[in-house]
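Student: If you count the sequence shown from 1, position 78 lands on 78 in our numbering, and the numbers rise without skipping. Below you will find the structure I want to go over with you.
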Amino acid sequence: MNSIKNAFREIMLYPSAILGVFIILLFVAEAVYAVATIPYNEAIRLWRGGEEVWYQNPRFAPPAWTNLFSEKKLPESFAVKSLDGKITKTVTKGVGASSIEFTYDFDFSYDEFPQEMLLYLKSTYTAKQPFLSIYLQTPDNRKVRISDFGVSKTQTFRFSQEEKLKRRLKDQAIMTGLFSIPDSNPPVPLKGKYKLILNAVTFEDGADMEVEFVFHGLVFGLAGTDHARRDLMIPLLWGAPIALSFGLIASLGTSVLTMIIAALGAWYAGWVDELIQRITEVNLVLPFLNILIMIGTFYSRSIWVILGATILLSIFTGSIKGYRAIFMQLKESTYIEAARAYGASNGRIIFLYLIPRMIPLLIPGLVSAIPSFVFLEASLAVLGLGDPVLPTWGKIINDAWSNGALYKGMYYWILEPAVLLMFTGLGFAMLGFALDRIFNPRLRGM
Numbered sequence: 001m002n003s004i005k006n007a008f009r010e011i012m013l014y015p016s017a018i019l020g021v022f023i024i025l026l027f028v029a030e031a032v033y034a035v036a037t038i039p040y041n042e043a044i045r046l047w048r049g050g051e052e053v054w055y056q057n058p059r060f061a062p063p064a065w066t067n068l069f070s071e072k073k074l075p076e077s078f079a080v081k082s083l084d085g086k087i088t089k090t091v092t093k094g095v096g097a098s099s100i101e102f103t104y105d106f107d108f109s110y111d112e113f114p115q116e117m118l119l120y121l122k123s124t125y126t127a128k129q130p131f132l133s134i135y136l137q138t139p140d141n142r143k144v145r146i147s148d149f150g151v152s153k154t155q156t157f158r159f160s161q162e163e164k165l166k167r168r169l170k171d172q173a174i175m176t177g178l179f180s181i182p183d184s185n186p187p188v189p190l191k192g193k194y195k196l197i198l199n200a201v202t203f204e205d206g207a208d209m210e211v212e213f214v215f216h217g218l219v220f221g222l223a224g225t226d227h228a229r230r231d232l233m234i235p236l237l238w239g240a241p242i243a244l245s246f247g248l249i250a251s252l253g254t255s256v257l258t259m260i261i262a263a264l265g266a267w268y269a270g271w272v273d274e275l276i277q278r279i280t281e282v283n284l285v286l287p288f289l290n291i292l293i294m295i296g297t298f299y300s301r302s303i304w305v306i307l308g309a310t311i312l313l314s315i316f317t318g319s320i321k322g323y324r325a326i327f328m329q330l331k332e333s334t335y336i337e338a339a340r341a342y343g344a345s346n347g348r349i350i351f352l353y354l355i356p357r358m359i360p361l362l363i364p365g366l367v368s369a370i371p372s373f374v375f376l377e378a379s380l381a382v383l384g385l386g387d388p389v390l391p392t393w394g395k396i397i398n399d400a401w402s403n404g405a406l407y408k409g410m411y412y413w414i415l416e417p418a419v420l421l422m423f424t425g426l427g428f429a430m431l432g433f434a435l436d437r438i439f440n441p442r443l444r445g446m
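Quick look at the structure:
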């Protein structure tokens, strides 16, 4: 234990190890933040949610911060509700009939046109539907009539699907016609303050209406959105605890079990050692990834099943032979002979005298193996064999590839999880190499 403590003090002498520890701590902090702020059930609900959950988000939208590096500023998405007081609501009561006016001012100072605008309407009435008229006032004081219709109790109105409006805009795309300078060719966005005006008339006492205005721009949030409107921050955040847990459990389970089995074979020798060596030799020629693909295809894609199979297939590897060679030398040490002389049991000798001497060699290998298991989980997800329930980094890449992200120029969709995977590997690799130098005497002078 003293040697381990001294070794960790020596870590401070290696800048690469310090940087590696810093990167790892950042990912651990991200994992803790994800679990603390987005409970597991909520993360699954959001990841598997459909239009009813992500209706406020545009599709295929890059992160909003990309505007900082672009000459053309893309419109940002937002959503406002009358219930929150962000949309001004004015009610004028009359005898039997009442009028309700909703107004909302917003600035449009972008170089491209928005993706879509939507109104989510909720009204309360008994028999007679309220009647709604929608207008958009432009910065040059034009008042464009959008539509007039009766409102049901729950209704969604999409601006881009209003065919009559499209004809009034001379068959232009509706978003282009509403936000462009009149008669400009090619269309040029008209920048300035716009006002959305909704005039509703109710025909019953106690009838009312509320509205939500959703503006789908071309950029959204810190991480952007995918084909299902999902905010990519959810899988990016939750990918950290899943990746780190998978990598740590697989690496720890594999390393510890490999060492114990090697120690048992070296100590008992005979048929025990022969059986372990034969199993190891057979396992070395088995196609590891192919077996995992078969398990994911024909049995289960649960991350726990894949994790268990990974540990079982990774125990009997070449490391067993390396550990066995060292244990065979330790077995003949004088302190082992002394332990035998005073009657120490086999279990005591194996677990208290042999295995602890190998811990300094175990730690660097354990740390260095974590990113390989993280990449393994991500690789299976990229191949479509990841857990279908969990939001992971590999699943993001798989969805991006399936939806043609590279061909459509949506590089953010692939680069964000790829960069996180790269830094995960970098952090553990830098720390693992430094630990190897510290614990391996032959490397200290190199």
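Backbone N, C-alpha and C fix where the C-beta goes; we use that ideal spot for every residue, glycine too.
Excluding five sequence neighbours on each side, which residues of the same chain lie with their C-beta closer than 6 Å to the C-beta of arginine 229?
Tutor: So the list reads Trp54, Asn57, Arg59, once near-sequence residues are dropped.
Student: Taking DSSP as the reference, what is the three-state secondary structure of glycine 49?
Tutor: Looking at glycine 49 - three-state DSSP - the assignment turns out to be coil, as it is neither helix nor strand.
Student: Where does the unbroken beta strand (DSSP E) through leucine 196 begin, and where does it stop?
Tutor: It spans 192 to 202 - the beta strand (DSSP E) in which leucine 196 sits, taken as one unbroken run.
Student: Serine 77 and phenylalanine 220 look like a contact to me (Cβ under 8 Å); what is the Cβ gap, rounded to whole Å?
Tutor: That pair is a contact at about 5 Å.
Student: Hey, quick one: how far does the alpha helix (DSSP H) through arginine 357 stretch, first residue to last?
Tutor: Where arginine 357 is concerned, there is no enclosing alpha helix (DSSP H), given that its DSSP letter is neither H nor E.
Student: What is the residue span of the beta strand (DSSP E) that arginine 145 lies within?
Tutor: Unbroken beta strand (DSSP E) run through arginine 145: 143 to 150.
Student: Is the segment 285 to 301 touching the segment 326 to 344 in the sense that three or more CB pairs, one from each, lie closer than 8 Å?
Tutor: Flag = no, the segment 326 to 344 and the segment 285 to 301 do not touch.
Student: If you drop the 5 nearest sequence neighbours on each side, which residues of the same chain put their C-beta closer than 6 Å to that of asparagine 283?
Tutor: Excluding positions up to five away in sequence, the list reads Phe316.
Student: Give me the residue from Gly425, Ile363, Ala378 with the minimum Cα distance to arginine 437.
Tutor: It is Ile363.
Student: So for isoleucine 293, helix, strand or coil by DSSP?
Tutor: Helix.
Student: I need the straight-line Cα distance from valine 144 to isoleucine 181, nearest angstrom please.
Tutor: About 13 Å.
Student: Which residue comes first and which comes last in the alpha helix (DSSP H) that contains glutamate 337?
Tutor: Run containing glutamate 337: 334 to 341, per the alpha helix (DSSP H) assignment.
Student: Short of 7 Å in beta carbon distance, which residues of its chain neighbour phenylalanine 423, apart from the five on each side in sequence? Order them along the chain.
Tutor: Same-chain partners within the cutoff: Ile23.
Student: Going by DSSP in three states, aspartate 226 sits in which element: helix, strand or coil?
Tutor: Correct three-state label for aspartate 226: coil.
Student: Taking contact to mean at least 3 C-beta pairs separated by less than 8 Å, is the segment 21 to 39 in contact with the segment 235 to 249?
Tutor: Yes: at least three Cβ pairs fall under 8 Å.
Student: Alanine 266: which of Met294, Leu232, Ile320 sits nearest, CA to CA?
Tutor: Closest by alpha carbon: Ile320.
Student: Identify the residues that DSSP records as bridge partners of arginine 324: which are they?
Tutor: Looking at the DSSP assignment, arginine 324 forms no beta bridge with any residue, so it has no partner.
Student: State the start and end residues of the unbroken alpha helix (DSSP H) segment that holds arginine 167.
Tutor: Its alpha helix (DSSP H) spans residues 163 to 168.
Student: May I have the straight-line CA-CA distance separating glutamate 101 from leucine 119, to the nearest angstrom?
Tutor: Rounded to whole angstroms, glutamate 101 to leucine 119 spans 14 Å at the Cα level.
Student: Nearest to valine 91 by CA position, among Ile276, Met175, Gly206, Val389, is which residue?
Tutor: It is Gly206 whose Cα lies nearest to the Cα of valine 91.
Student: For leucine 449, which option in Pro391, Ala29, Ser255, Arg142 has the closest C-alpha, if you only look at C-alpha atoms?
Tutor: No information on residue 449 is available, as it lies outside the stretch 1 to 446 that the chain covers here.
Student: Using a threshold of 7 Å, state whether the C-beta atoms of valine 151 and serine 123 are closer than that.
Tutor: Going by C-beta atoms, valine 151 is nearer than 7 Å to serine 123.
Student: Apart from the five residues just before and just after threonine 156, which ones in its own chain have a Cβ nearer than 8 Å to its Cβ?
Tutor: So the qualifying residues of the chain are Leu118, Leu119, Tyr120, Leu121.
Student: Could you tell me which residues DSSP puts in a beta bridge with valine 80?
Tutor: Note: valine 80 sits in a beta bridge opposite Phe213.
Student: Using C-beta distances below 8 Å, list every residue in its chain close to methionine 446, excluding the 5 sequence neighbours before and after it, in chain order.
Tutor: Here the model assigns methionine 446 a pLDDT of 49, short of 50, so the residue's position is not dependable, and the following value carries that caveat. Excluding sequence neighbours, methionine 446 sits near Arg437.
Student: Counting only the same chain and skipping the five closest in sequence on each side, list residues whose C-beta sits under 6 Å from that of threonine 280.
Tutor: Excluding residues within five positions, the ones whose Cβ falls inside 6 Å are Phe316, Ile320.
Student: Can the beta-carbon of leucine 218 be found closer than 7 Å to that of proline 63?
Tutor: In this structure, proline 63 does not lie closer than 7 Å to leucine 218 by Cβ.
Student: Determine the extent of the beta strand (DSSP E) in which glutamate 101 is found, giving its start and end residues.
Tutor: Per DSSP, glutamate 101 belongs to the beta strand (DSSP E) from 98 to 108.
Student: Determine, using beta carbons only, whether tyrosine 194 and phenylalanine 113 come nearer to each other than 7 Å.
Tutor: Taking 7 Å as the Cβ cut-off, tyrosine 194 and phenylalanine 113 do not qualify as a contacting pair.
Student: In the structure shown, what three-state DSSP assignment does glutamine 155 receive?
Tutor: Reduced to three states, the DSSP call for glutamine 155 is strand.
Student: Would you kindly work out how many angstroms separate the C-alpha atoms of leucine 435 and glycine 247, rounded to a whole number?
Tutor: If I take the Cα positions, the gap works out to 18 Å.
Student: For serine 82 versus glutamate 210, is the C-beta distance shorter than 7 Å?
Tutor: Cβ distance < 7 Å, so serine 82 and glutamate 210 count as in contact.
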